[in-house]
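Data first, discussion second: the structure below is written as C-alpha cells.
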Amino acid sequence: MSSEGIISVLVRELSLSPSQISATIGLLDEGATIPFIARYRQERTGGLDEEKLRDIRDRLEYLRLLGDRRETILASIREQDKLTGELEDEIRACTTLKDLEDLYLPYRPKRKTRASVARERGLEPLAELIWEEETITGSPESHARSFVDPDKGVADVEEALQGARDICAEWINEEVDLRNGIRQQIQRHGILQVTRTSEPDERQTYREYYEFNSRISFLKPHQILAINRGEREGILSVKLEILEEKALERMGRFIITNRNSIFTGHLELAVRDSFRRLLFPALEREARKELTEKAEDHAIQTFAENLRNLLLQPPLSAQTVMGIDPGYRTGCKVAVVDGTGKYLDGTTIFPTPPQKKVRESIEVMDRLIDKYGVTLIAIGNGTGSRETELVVAEMISERKDRRSDEDLHYLIVNEAGASVYSASPLAKLEFPDLDAPMRGNISIARRVQDPLAELVKIDPKSIGVGLYQHDVNQANLSRKLDDVVESCVNSVGVNLNSASSSLLTYVSGLSRSIADKIVSHRNENGPFRDRQEIMKVSGLGAFRFQQAAGFLRIPDSANPLDNTAIHPESYDAALKLCTSIGVAPQDIPESVTLFPVKFRNLDPEKTARELAIGLPTLELIMENLQKPGRDPRESLPKPLLRQEILSMSDLREGLELEGTVRNVVDFGAFVDIGVKQDGLLHISKMGGGRRISNPHEVVSVGDIVKVRVASVDEQRGRISLEMADQTSQEVP
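Heads up, the sequence shown is in my numbering, so the first residue is 2 and it goes up one at a time.
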C-alpha cells in the first residue's frame with residue numbers, strides 16, 4: 002500500500018484530516034516521541050493528544066506490516082504464475098491480515114494433506130467433474146472407474162471417489178465468501194460450552210464455569226481469560242458450537258448449483274466433510290483466538306488505566322517517612338527516609354507472631370520517630386500487615402496521650418514489586434551496604450513521597466494493579482505499560498538534578514544508556530546549571546536535546562524558564578511576551594501573581610502572530626509563566642491517612658466508611674477500608690440505582706470513596722460494599 006493509500010485508510014478509520022495524519026507520520030518517521038509531538042508540535046498535528054497519536058502509530062505499524070505481507074503474498078502467487086489482475090486488485094484492497102490470508106489460502110504452499118495425496122494420485126480431473134456439476138448422464142462409479150490405478154494407490158472406485166471428494170472439500174474450505182458467511186454465523190450465534198474435567202480444582206477457582214454455556218457475543222473479557230486459564234490447567238474443557246445443520250444448509254446453497262448432476266450426492270458429502278474436518282475447526286480456532294485477543298486488549302487497557310492512576314497519585318513530599326515491611330518469623334523491617342528520600346536509619350522489630358515483642362517494638366519506633374522527626378508511617382500491605390498496623394495504631398494512640406499536638410499518621414501502602422526492586426541491580430547500586438529486605442522497605446517509604454519516581458524503578462507488570470496480567474500477550478502488555486509510564490513521567494516533568502536513571506530513561510528522547518550518562522555526569526561535575534548544559538553529556542546530540550529539554554526541570558537555574566514546560570525553542574517568544582507586558586526577564590519569578598492580570602486583555606491570535614508562533618505554543622507559554630514548576634498531581638486528593646484501626650468484627654451492615662481504591666477490574670473495585678481484607682465494591686452497587694457499564698466511569702485506583710457495608714462474611718473473609726451518599730458519613 003502506498004503512503005497515500007495508508008493515509009487514506011487512517012483518515013477513514015480514525016476520522017482525522019489528511020493533514021493531521023500526514024504530519025504525524027512525518028514526525029514519527031523522523032524519530033519524534035509521542036509526548037514531544039503532543040506537547041510541542043500541536044500546530045503541525047492540529048492539536049492531537051497522546052491517545053490519538055498512539056492510535057495513528059499503532060495502526061500505521063499494522064498497515065505497514067500488512068503491506069510487507071501483501072508483497073510477499075503477491076510474489077508467491079506470481080511465482081506460481083497464477084496472479085490475475087482481478088486477484089491482485091483484491092489483494093491490494095485488503096485492510097486486514099485475516100482478509101489477506103483468506104485470499105492467499107488457495108495458493109499457500111501446503112503440507113501433505115488428504116487433498117494433496119489425492120492430487121498426486123491423479124484424481125484432480127475427477128474432482129473437477131464433481132465440482133463443475135455438469136455431468137448428468139451415467140453413474141459416478143462409471144466415471145471414476147478410469148481413475149483406478151493400484152500402482153498410484155487407488156485400489157478401487159470408492160477410493161477414487163473419496164480422493165476426489167477430499168480435493169473438493171479443500172476447495173470448499175478455500176471459498177472466501179463462504180468462510181465469511183460461516184464466520185458471521187459463529188459471531189452471531191456461536192455458543193461456548195464449558196465443562197469440568199476430572200482434574201481436581203482444590204480451591205474451586207473455576208466453580209462458576211463447571212457447567213457454563215454462553216453465546217460468544219455475550220462473553221465478558223474476564224470470563225474469557227478465566228476460561229482460558231482453566232483450560233490450560235486442564236480443569237476445564239471448552240468447545241465452540243453452532244447449529245451444524247444450519248451451517249451445512251448455508252454451505253449447500255452456496256456450493257451446489259445443479260441438483261441434476263450425478264455427482265450431487267458426492268458434493269454434499271464433500272460439503273459435510275469440509276465443514277467438520279477443515280472449515281469449522283479452523284474458524285473455531287480463529288474465533289477463540291479473536292475472543293482471547295479482544296479480552297487481552299481489554300485487560301491490558303484496564304491494567305494501563307489502573308497503572309496511570311497509581312503513578313499519578315499525589316506525592317506527600319517533604320514528609321519524613323518511616324517505612325515498615327511487615328513479616329512474621331523474620332520480623333518487620335523498619336527504615337526512615339528524610340523528605341528527599343535519603344535513607345537515614347533502619348532496624349528490625351518483632352511485634353508479630355511468633356515473638357510478639359509489642360512493647361519493645363513500640364519503644365524502638367518511638368525512639369526513631371523522636372530522633373528523626375518522623376511525620377508519617379508507611380506500612381506495606383503484605384504478610385503480617387494487619388498485626389503490624391494494630392501495633393502502630395496503639396503506638397500513635399499512646400503518643401497522642403502524651404503529645405496532643407503531634408500530627409502523626411499512618412497509611413497502608415501497596416508493596417507489590419518491592420521485592421522485585423530490592424533484588425535488582427539498581428537497588429544494589431543505590432544501597433550496596435544494605436540487605437534486600439531493607440532496600441525493599443526503603444522503596445515502600447519512598448512510594449509515599451513520590452509514587453512516580455519510585456515505581457518507575459520496577460517492571461510495571463509487577464506493580465499489582467492488573468487482572469490476568471500473566472495470561473495476556475506479554476509483548477503487547479509491556480508496550481502498553483511502557484507507553485503509560487512514558488506518558489506519566491513526561492506529563493509531570495523530571496527534576497534533572499535529582500532524578501534517578503530509571504526516571505530519566507522514560508523522558509522523551511532519552512535512552513537507558515543516556516540516562517546513566519546524565520547521572521554519571523551529574524555525580525562527577527555537580528548539578529546542571531541550565532538545560533543547555535546537558536548537551537555536554539556524551540551521546541546527547543541536538544535531536545535528543547530537542548525531544549527531551551521541555552520535560553526536564555532545573556528549579557535552581559538562573560533562567561526561570563528552565564523550571565517550566567516551555568521548550569527552549571520558545572524561550573525567545575516567551576521573553577518577548579514578557580517584555581510586551583512590561584515584565585523584565587529577571588523579574589519573571591516574582592511576577593507570577595501579575596501574569597493573570599496582564600494576560601487578561603491580550604488578543605491571543607494577534608499576539609501569536611506578532612511572536613511568530615502558533616496559538617497552542619502561546620497558550621503553553623502563558624500557562625507555564627503563571628504556574629512555574631507546577632506538578633499536575635498537586636491538584637489531586639491526597640492519600641487517606643489513618644490513626645485508628647478497625648477489625649471485621651467492628652463492621653456491620655449499613656456502616657459508612659472512607660476507603661482507598663486499590664484495584665479496578667471489570668466486575669468492580671477493591672477498596673481498602675482499614676480492615677485486614679479489602680472490600681469488594683461490585684459494579685452493580687456503584688451507581689446508586691444507575692446502571693454502570695464500566696467501573697472506571699465511577700472510580701480509579703487511588704480514589705478516596707465513601708462506601709457502605711452491604712454484608713460481611715467473617716468466616717470467608719469477604720466484605721461486600723456499596724457506594725454511599727458522598728455527602729454523609731457515619732463514624733463507627
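Backbone N, C-alpha and C fix where the C-beta goes; we use that ideal spot for every residue, glycine too.
None of the values given here were measured: they were computed from a predicted structure.
One or two residues paired with residue i in a DSSP bridge
{"i": "Ile-705", "result": "Thr-661"}
{"i": "Thr-348", "result": "Val-335"}
{"i": "Ser-712", "result": "Ser-721"}
{"i": "Ile-263", "result": "DSSP output for Ile-263 lists no bridge partner at all."}
{"i": "Gly-680", "result": "Val-672"}
{"i": "Ile-378", "result": "Met-323 and Tyr-411"}
{"i": "Asn-496", "result": "Arg-554"}
{"i": "Thr-196", "result": "Glu-212 and Ser-238"}
{"i": "Val-155", "result": "Asp-150"}
{"i": "Arg-643", "result": "Tyr-411"}
{"i": "Val-666", "result": "Gly-669"}
Whole-number beta carbon distance between residue j and residue i, since they are thought to touch under 8 Å
{"i": "Glu-44", "j": "Thr-506", "result": "Their Cβ separation, rounded to whole angstroms, is 29 Å, which puts Glu-44 and Thr-506 out of contact at 8 Å."}
{"i": "Gln-194", "j": "Glu-232", "result": "With 8 Å as the limit, Gln-194 and Glu-232 do not qualify as a contact, their Cβ atoms being about 12 Å apart."}
{"i": "Ala-248", "j": "Gln-186", "result": "6 Å"}
{"i": "Glu-390", "j": "Thr-353", "result": "Glu-390 to Thr-353, Cβ: 10 Å. No contact."}
{"i": "Val-414", "j": "Leu-369", "result": "With a Cβ gap of about 18 Å, Val-414 and Leu-369 do not count as contacting."}
{"i": "Tyr-329", "j": "Pro-355", "result": "7 Å"}
{"i": "Phe-255", "j": "Gly-182", "result": "7 Å"}
{"i": "Leu-427", "j": "Lys-458", "result": "6 Å"}
{"i": "Gly-340", "j": "Ser-318", "result": "7 Å"}
{"i": "Gly-324", "j": "Ala-379", "result": "5 Å"}
{"i": "Ala-116", "j": "Ile-168", "result": "5 Å"}
{"i": "Ile-38", "j": "Thr-46", "result": "6 Å"}
{"i": "Arg-70", "j": "Leu-98", "result": "6 Å"}
Of the residues the options, the one placed nearest residue i, counting alpha carbons only
{"i": "Gly-494", "options": "Leu-553, Leu-345, Leu-430 and Val-520", "result": "Leu-553"}
{"i": "Ala-446", "options": "Arg-709, Thr-389, Lys-343 and Phe-546", "result": "Lys-343"}
{"i": "Glu-134", "options": "Arg-260, Asp-167, Arg-180 and Val-359", "result": "Arg-260"}
{"i": "Thr-136", "options": "Lys-357, Gly-266, Phe-213 and Arg-180", "result": "Gly-266"}
{"i": "Pro-107", "options": "Leu-67, Ser-77, Val-155 and Leu-54", "result": "Ser-77"}
{"i": "Arg-448", "options": "Thr-206, Val-598, Leu-412 and Gln-205", "result": "Leu-412"}
{"i": "Glu-51", "options": "Arg-273, His-144, Cys-489 and Thr-198", "result": "Cys-489"}
{"i": "Val-736", "options": "Asp-408, Arg-251, Arg-180 and Glu-291", "result": "Because the chain in this structure spans residues 2 to 733, residue 736 falls outside the shown range and cannot be described."}
{"i": "Val-665", "options": "Gly-703, Gly-630, Pro-629 and Val-149", "result": "Gly-703"}
{"i": "Lys-628", "options": "Leu-642, Leu-637, Pro-597 and Lys-639", "result": "Pro-597"}
{"i": "Ser-420", "options": "Asp-408, Asp-436, Glu-407 and His-410", "result": "Asp-436"}
{"i": "Ser-521", "options": "Val-538, Glu-723, Ile-263 and Leu-658", "result": "Val-538"}
{"i": "Leu-280", "options": "Asp-178, Ser-238 and Asn-229", "result": "Asp-178"}
{"i": "Ser-423", "options": "Asn-442, Asp-651, Ser-405 and Thr-321", "result": "Asn-442"}
{"i": "Arg-717", "options": "Asp-679, Arg-692, Gly-688 and Ala-725", "result": "Asp-679"}
{"i": "Gly-347", "options": "Met-439, Arg-634 and Glu-269", "result": "Met-439"}
Start-to-end residues for the alpha helix (DSSP H) that takes in residue i
{"i": "Asn-181", "result": "177-190"}
{"i": "Glu-5", "result": "4-15"}
{"i": "Leu-369", "result": "359-373"}
{"i": "Lys-577", "result": "572-581"}
{"i": "Phe-596", "result": "596-600"}
{"i": "Gly-510", "result": "Segment: none, Gly-510 is in no alpha helix (DSSP H) and carries neither H nor E."}
{"i": "Gly-68", "result": "51-80"}
{"i": "Arg-653", "result": "First-last for Arg-653: undefined, no H or E at that position."}
{"i": "Arg-610", "result": "605-612"}
{"i": "Ile-443", "result": "437-450"}
{"i": "Glu-755", "result": "Because residue 755 is not part of the residues shown, which for the chain are 2 to 733, the question remains open."}
{"i": "His-299", "result": "281-312"}
{"i": "Met-536", "result": "Where Met-536 is concerned, there is no enclosing alpha helix (DSSP H), given that its DSSP letter is neither H nor E."}
{"i": "Gln-43", "result": "43-46"}
{"i": "Ala-417", "result": "From DSSP, Ala-417 is part of no alpha helix (DSSP H); its letter is neither H nor E."}
{"i": "Lys-628", "result": "Element bounds for Lys-628: n/a, residue is neither H nor E."}
{"i": "His-223", "result": "222-233"}
For residue i, the first and last residue of its enclosing beta strand (DSSP E)
{"i": "Asn-214", "result": "212-216"}
{"i": "Ile-325", "result": "322-326"}
{"i": "Glu-242", "result": "237-242"}
The ligand GTP heavy atom lying under 6 Å from the CB of residue i
{"i": "Phe-37", "result": "The ligand GTP is not part of this structure, which contains no ligands at all."}
Problem - Contact between the region 570-589 and the region 8-19 (3+ Cβ pairs under 8 Å) - result: no
Problem - Given 8 Å, three or more beta-carbon pairs between the region 477-497 and the region 551-568 - result: yes
Exercise for the section: Determine, using beta-carbon pairs with one atom in the region 477-484 and one in the region 545-552, whether at least three such pairs fall under 8 Å. Expected result: no
Exercise for the section: Could you say if the region 504-522 and the region 59-72 meet the contact criterion of at least three C-beta pairs nearer than 8 Å? Expected result: no
Exercise for the section: For the region 667-683 and the region 706-725, state whether three or more C-beta atom pairs, one from each stretch, are separated by less than 8 Å. Expected result: yes
Exercise for the section: Take every Cβ of the region 649-656, pair it with every Cβ of the region 686-696, and state whether three or more of those distances are shorter than 8 Å. Expected result: no
Exercise for the section: Determine contact between the region 156-171 and the region 203-212, defined as no fewer than three beta-carbon pairs at a distance below 8 Å. Expected result: no
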